[in-house]
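First comes the structure, then the notes that go with it.
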Amino acid sequence: MESSGRRTFLGVCLGGLAAAVAAAVTWPVYRYLAPRSTATTAAKVEIPEKDVPEGEAKFFEFNGASAVLVRKRGDGLIALSAVCTHLGCIVQWEKDQQYFLCPCHGGHYTAEGVVISGPPPKPLTKLPFTVANGVITVG
Amino acid sequence: MALLKRLIDWIDVRIGAREVVAKELTGYLLPRNINTWYSMGSILLFIFVLQVVTGILLLIYYVPDADKAFKSVTYIMNEVPFGWLIRMCHVVGSSMMVLVLLLHMISVLFMNSYKSPREFNWLTGFILFTMVQGISLTGYLLPWSQLSFWATTVATNSANAIPVVGPYLVEFLRGGKLVGPPTLGRFFALHVALIPAGIVALVGAHLFFLQRTGVSTPPFGLKDTTNQWKGDGYSYENHPGGIPFFPNYALEDLRSIFIYIACFLAVVFFDPYLFFTRDAFLPANPLQTPAHIKPEWYFLANYQTLKIFPSEFIGLAVQGIAMTFLALLPFIDRSPERHPLKRPLFMACALGGLLLWIGLSVWGHYS
Numbered sequence: 001m002e003s004s005g006r007r008t009f010l011g012v013c014l015g016g017l018a019a020a021v022a023a024a025v026t027w028p029v030y031r032y033l034a035p036r037s038t039a040t041t042a043a044k045v046e047i048p049e050k051d052v053p054e055g056e057a058k059f060f061e062f063n064g065a066s067a068v069l070v071r072k073r074g075d076g077l078i079a080l081s082a083v084c085t086h087l088g089c090i091v092q093w094e095k096d097q098q099y100f101l102c103p104c105h106g107g108h109y110t111a112e113g114v115v116i117s118g119p120p121p122k123p124l125t126k127l128p129f130t131v132a133n134g135v136i137t138v139g
Numbered sequence: 140m141a142l143l144k145r146l147i148d149w150i151d152v153r154i155g156a157r158e159v160v161a162k163e164l165t166g167y168l169l170p171r172n173i174n175t176w177y178s179m180g181s182i183l184l185f186i187f188v189l190q191v192v193t194g195i196l197l198l199i200y201y202v203p204d205a206d207k208a209f210k211s212v213t214y215i216m217n218e219v220p221f222g223w224l225i226r227m228c229h230v231v232g233s234s235m236m237v238l239v240l241l242l243h244m245i246s247v248l249f250m251n252s253y254k255s256p257r258e259f260n261w262l263t264g265f266i267l268f269t270m271v272q273g274i275s276l277t278g279y280l281l282p283w284s285q286l287s288f289w290a291t292t293v294a295t296n297s298a299n300a301i302p303v304v305g306p307y308l309v310e311f312l313r314g315g316k317l318v319g320p321p322t323l324g325r326f327f328a329l330h331v332a333l334i335p336a337g338i339v340a341l342v343g344a345h346l347f348f349l350q351r352t353g354v355s356t357p358p359f360g361l362k363d364t365t366n367q368w369k370g371d372g373y374s375y376e377n378h379p380g381g382i383p384f385f386p387n388y389a390l391e392d393l394r395s396i397f398i399y400i401a402c403f404l405a406v407v408f409f410d411p412y413l414f415f416t417r418d419a420f421l422p423a424n425p426l427q428t429p430a431h432i433k434p435e436w437y438f439l440a441n442y443q444t445l446k447i448f449p450s451e452f453i454g455l456a457v458q459g460i461a462m463t464f465l466a467l468l469p470f471i472d473r474s475p476e477r478h479p480l481k482r483p484l485f486m487a488c489a490l491g492g493l494l495l496w497i498g499l500s501v502w503g504h505y506s
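These protein sequence lines are chains Z and R, in that order.
Just so we're aligned: the first sequence equals residues 1 to 139 in this note's numbering.
Just so we're aligned: the second sequence equals residues 140 to 506 in this note's numbering.
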């Protein structure tokens, strides 16, 4: 009886120790696997105005992702993220129809990035930009 | 021969090998009306071993680095002697594994072998199916092609639909905000170590449950086709007067494996790019999604479902519900009848589901 009680006590102690070891191991393993923080300063991208003729789009890299400048026919300039808001593919500019098409699941956006049809849940993100001395500065 | 007998005697007196052979091989009896569909499991084991062997061989030359992965695969294909053969066997084998796994599941479904007391067999088999999908998905990131990159972008982005933790989960899966070199490292570890180990463990569990419940009797050619298990206690389904596993059914298994090898090699040698899409031959470009990009054939139905539903959440929820329903089928379908032709409603639902999946896949292919 006494031996059984001591065995139970030892079992509980070892079980507790195993739980403590598991807890102690979990945190370093989680930190090892967690994404590294990639805090980057907001980048600025400069593109000559002549590279974006009327009715056309210019794709470029912005903060590690794809972005696009569009000059609508008879209208102004727009800078958008080119990442589809559905599942992250890069949209394509359909010059003839003047809209964006996502090749992955067929989402359509207007030149302003507003969803026309398909599964995207929200518009393309607008990016701030300025134009000075024939140069477009995005960011 | 005398030497061989002496060697067997030497082993037998130490570990009782003859007793194991008599119990598990020559004395392991299978139902007399057993059919070829029961060989699918053996074919799958053979495919898995072949995938492990070709995978290990590929590891010798493959470099899991985003800058070098595509080049290393090109090197294997064009420079290494018989590298193309090893890689083609691995690529074609992965598609064939999904195909045979689907045939195995469909045969179990139509022969109603998932019913009590075989819930564990079905569940472990279903988890194996999802793990095979997982190992395929992680595998096709490794060549770092356009198909690799964008399929992984879409697949990992799907986790975004999970409320609250979704965005963090996407980042955790990718090892960063976007698919990139850290994603390749993670998927490489999953593909070559974690998922194969999980598959081995689950195959072990699947075979253990099969060994404990006994092989199910096919419902064909019998007068009484109802489930005989009453649920009042553990009982092993034995088959007195049945066919010995060894040598009788082992030879049937071997015949099926050779028929599989013939089909497999026909694809490898005569149409090796059958399962490739053209985006698999272009190096990954994170800034351009190729036009008309399509996933592998077994993900086409999922792809088309995401396209049909206007909301990402609903598209994924529908797939989640369908998968959960399939996983829990033995708990939902409690009918004792096992013959599919005596179950018109079941047959209509099963055939309807299968045709829906095929229809969505074909639609996805041509959309």
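Cβ coordinates follow ideal geometry from the N, Cα and C atoms, glycine included.
Less than 8 Å separates the beta-carbon of LEU124 (chain Z) from that of GLY113 (chain Z). In summary, TRP149 (chain R) is exposed, with fewer than 16 beta-carbon neighbours lying within 10 Å of its beta-carbon over all protein chains present. Annotation: SER81 (chain Z) has no Cβ neighbours in chain R at a cutoff of 8 Å; minimum Cβ distance is about 12 Å.
Taking 8 Å as the CB threshold, LEU323 (chain R) stays off the interface with chain Z.
When DSSP reads this structure, VAL138 (chain Z) sits in a beta bridge with Z:VAL45 and Z:PHE129. Separation of PHE259 (chain R) and MET140 (chain R) (C-alpha to C-alpha, rounded to the nearest whole angstrom) is 44 Å. Judged by DSSP in its simplified three-state form, LEU341 (chain R) adopts helix. Rounded to whole angstroms, the separation of the alpha carbons of THR463 (chain R) and ALA111 (chain Z) is 40 Å. Across the structure, ASP371 (chain R) and LEU169 (chain R) are spaced so that their CA atoms are roughly 24 Å apart. With contacts defined as CB atoms closer than 8 Å, GLN272 (chain R) and ASP418 (chain R) fail to qualify as a contacting pair.
Contact check for LYS446 (chain R) against PRO103 (chain Z) fails: the beta carbons are separated by 8 Å or more.
Cβ proximity to chain Z below 7 Å picks out PRO429, ALA430, HIS431, ILE432, LEU445, LYS446, PHE448, PRO449, SER450, GLU451 and GLY454 from the segment 429-462 of chain R. Here ALA57 (chain Z) is near VAL70 (chain Z), since their CB atoms are less than 8 Å apart. Chain-ordered, the chain Z residues with CB closer than 9 Å to the CB of SER297 (chain R) read LEU87.
Considering only beta carbons, the part of the segment 104-131 of chain Z lying closer than 8 Å to chain R consists of CYS104, HIS105, GLY106, GLY118, PRO119 and PRO121, in chain order. THR291 (chain R) sits away from ILE334 (chain R), with the two beta carbons spaced by 8 Å or more. Residue burial is scored here from C-beta neighbours: VAL29 (chain Z) has fewer than 16 other C-beta atoms within 10 angstroms and is therefore classed as exposed.
For ALA300 (chain R), the closest alpha carbon among the candidates R:ILE453, R:LYS144 and R:LEU196 is that of R:ILE453.
For the segment 298-311 of chain R, the residues whose beta carbon sits under 7 Å from a beta carbon of chain Z are, in order, GLU310 and PHE311. Inter-residue distance for ALA294 (chain R) and HIS478 (chain R) is about 39 Å (C-alpha atoms, whole angstroms). Under the Cβ criterion of 8 Å, TRP289 (chain R) is counted among the residues facing chain Z.
As the crow flies, the alpha-carbon of PHE288 (chain R) is around 7 Å from that of PRO425 (chain R).
Annotation for ARG71 (chain Z): the continuous beta strand (DSSP E) segment containing it runs 65-71. Rounded to the nearest angstrom, the Cβ distance from PRO203 (chain R) to GLY324 (chain R) is 7 Å, consistent with a contact under 8 Å. Flagged as an interface residue toward chain R: ILE90 (chain Z), by a C-beta distance shorter than 8 Å. HIS108 (chain Z) is not a Cβ neighbour of HIS86 (chain Z), given a cutoff of 8 Å.
Closer than 9 Å at the C-beta level to chain R, one finds these residues of the segment 23-39 of chain Z: LEU33, ALA34, PRO35, ARG36 and THR38.
Distance from the CA of TYR399 (chain R) to the CA of MET179 (chain R), rounded to the nearest whole angstrom, comes to 10 Å. Annotation for ALA489 (chain R): LEU248, PHE249 and PRO479 place their beta carbon closer than 8 Å to its own, counting only its chain and skipping 5 residues before and after.
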